[in-house]
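Here is the structure we will look at, set down as structure tokens.
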Amino acid sequence: MKAARFYDRGDIRIEDIPEPVVEPGTVGIDVAWCGICGTDLHEFMEGPIFIPPCGHPHPISRESAPITMGHEFSGVVYAVGEGVNDIEVGQHVVVEPYIVADDVPTGPGDKYHLSRNMNFIGLGGRGGGLSEKIAVKRRWVHPISKAIPLDQAALIEPLSVGHHAFTRSGAKAGDVALVGGAGPIGLLLSAILKAKGLRVIVTELSAARKEKARESGVADYILDPTAVDVVAEVMKITGGEGVDVAFECSSVNKVLDTLVAATRSTGVVVIVSIWSHPASVNVHSVVMKELDVRGTIAYCNDHQETIKLVEEGKINLEPFITQRIQLDDLISQGFDTLIHNNESAVKIIVQPRMK
Ligand SMILES: NC(=O)c1ccc[n+]([C@@H]2O[C@H](COP(=O)([O-])OP(=O)(O)OC[C@H]3O[C@@H](n4cnc5c(N)ncnc54)[C@H](O)[C@@H]3O)[C@@H](O)[C@H]2O)c1
Ligand SMILES: [Zn+2]
């Protein structure tokens, strides 16, 4: 079968590899669609980061480069391994792409996303969604209704990142949120916030992404920091109080500064971005307003509620798919577009099997 394999920085190859073995306790999935994530781009341009370099096997998967990429995917079950009795061939599914040690508890309330040596399928080994087939442990396979188109279902993984950020914030219906940066993560997080009944203010520079925030209906207000004073506008919208919660989704220090300034006393600032360098925070404001500044990473028991929001029609993922490509065009049409023309795209999704 065909698979996109990461060898080293700048070296991803589309190759023929053996099909996965559907071992006991696993589910064989025909991949329908797989999204390209900013993390994949970082691996390609600056990596390996999450990917274990050639000759340095990951402590849990025991694999190292070359590894198959892709962690945002949907598909159809084609086989179930021995002992899997609650899922059937033909079932539509998405994957919560975790690699965690076998002795880590993964039930409700368990913080398996913070466990030692945690990594992701499609980065740390165990196959990936940028291949025709994959076998995944039953625990990480989530059935979805056939009413959700499989292309949209590929976005449930990054949507779950938004759901976890929302959970971390403690926000509730009626609250006002400020989202800094409307890339794929900021937009999908905004979709969650809207679905949960918040009023959403988005701040974004790029014209195409401001337009996407508008046309998808995920933002009540869209503020361009080159055109307006974002903090002053937020104060007007919130009657001088500031927002209840703010989400940093740009990894730009100026945006973090704006969010801290625009959040009300005792409000919460959630940092969603992955930062490759130390950032500064106005600690005086944090103290004087008794702000909570919190991080959020990936998801943990977020998939079920996220899937429910999509199944109930509270979130429409279609507007966020800006391109559909074939696996052979992964670099030329996928990575190159996202690297050189990032703002024109939101999610580029890849079909691994030639139709
Ligand atoms: N915490 C997690 O679990 C998790 C998971 C996935 C991704 N991420 C991280 O989330 C971040 C966002 O991801 P993405 O794919 O949406 O990135 P992106 O780069 O596509 O989006 C960032 C957006 O911020 C906007 N921006 C830049 N400067 C701005 C400014 N001054 N004011 C307003 N907007 C500004 C950009 O125009 C862009 O649209 C990345 O750092 C990514 O690594 C975190
Ligand atoms: Zn991702």
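For what it's worth, our numbering labels the leading residue of the sequence shown as 3, then goes sequentially. Where is the CB? At the ideal position from N, CA and C, for every residue including glycine. Computed from a prediction, not measured in an experiment: that's the story for all the values here.
*Since Val348 and Lys214 are thought to touch, with beta carbons under 8 Å apart, how far apart are those beta carbons, to the nearest angstrom?*
With a Cβ gap of about 6 Å, Val348 and Lys214 count as contacting.
*Is the stretch 277-294 close to the stretch 145-163, with three or more CB pairs under 8 Å?*
Two segments are said to touch when three or more pairs of C-beta atoms, one from each, lie closer than 8 Å; by this definition the stretch 277-294 does not touch the stretch 145-163.
*Does the separation of the CB atoms of Ala264 and Val232 fall below 8 Å?*
Yes; because the gap between Cβ atoms is below 8 Å, this pair is in contact.
*Kindly list the residues whose CB is nearer than 7 Å to the CB of His166, restricted to its own chain and excluding five residues on each side of it in sequence; keep chain order.*
Sequence-distant partners of His166 (beyond 5 residues in either direction) whose C-beta falls short of 7 Å from its own C-beta, in its chain, are Thr298, Ala300, Tyr301, Cys302, Asp304.
*For the candidate residues Cys56, Ser192, Tyr223, Ala179, whose alpha-carbon lies nearest to that of Leu161?*
Checking every option, the nearest Cα to that of Leu161 belongs to Ser192.
*Is any heavy atom of ligand 2 found at a distance shorter than 7 Å from the C-beta of Pro50?*
False, no ligand heavy atom lies under 7 Å from that Cβ.
*In its own chain, which residues sit with a C-beta less than 7 Å from the C-beta of Pro26, not counting the 5 before and 5 after it?*
Only residues of its own chain outside the window of five on either side were considered, and among them Gly83, Glu84, Gly85 have a CB closer than 7 Å to the CB of Pro26, listed in chain order.
*Val138 and Thr28: beta carbons closer than 8 Å?*
A contact, by the Cβ cut-off of 8 Å.
*What residues match up with Val96 in a beta bridge as DSSP calls it?*
For Val96, DSSP records a beta bridge to Ser76, His144.
*Compare the C-alpha of Asp330 against each of Arg15, Met120, Arg11 and name the closest.*
Per the Cα distances, Arg15.
*asked:* Given 7 Å as the limit, tell me if Pro110 has its C-beta closer than that to any heavy atom belonging to ligand 3.
replied: This structure simply doesn't include ligand 3; it includes ligand 1 and ligand 2 instead.
*Verify the contact flag: Arg211, CB atom, against every heavy atom of ligand 1, threshold strictly below 7 Å.*
Yes, the beta carbon of Arg211 sits closer than 7 Å to at least one heavy atom of ligand 1.
*What is the rounded straight-line gap between the Cα of Asn119 and the Cα of Leu293?*
Roughly 31 Å between the two C-alpha positions.
_For Ser218, which residues in the same chain have their Cβ closer than 6 Å to its Cβ, ignoring the five residues on either side in sequence?_
The beta carbon of Ser218 lies closer than 6 Å to those of Pro321 in the same chain, with the five residues before and after it left out.
*Report the residue from Asp153, Gly185, Thr108 whose alpha carbon sits nearest the alpha carbon of Gly164.*
Shortest Cα-Cα distance from Gly164 to any of Asp153, Gly185, Thr108 involves Gly185.
*Whole angstroms is fine: what's the gap from Arg7's alpha carbon to Glu17's?*
Going by the C-alpha atoms only, they are around 7 Å apart.
*asked:* Any residue with its Cβ nearer than 6 Å to a heavy atom of ligand 2 should be included. What is that list in chain order?
replied: In chain order, the residues positioned with their C-beta nearer than 6 Å to some heavy atom of ligand 2 are Cys39, Thr41, His73, Glu74, Pro160.
*Consult DSSP for Asp294 and reduce its assignment to one of helix, strand or coil.*
Here DSSP, grouped into helix, strand and coil, assigns Asp294 to strand.
*Starting from the C-beta of Gly244, find all residues in its chain whose C-beta is less than 7 Å away, skip the five residues before and the five after it, and write them out in chain order.*
The residues are Val236, Met237, Ala264, Thr265, Arg266, Gly269.
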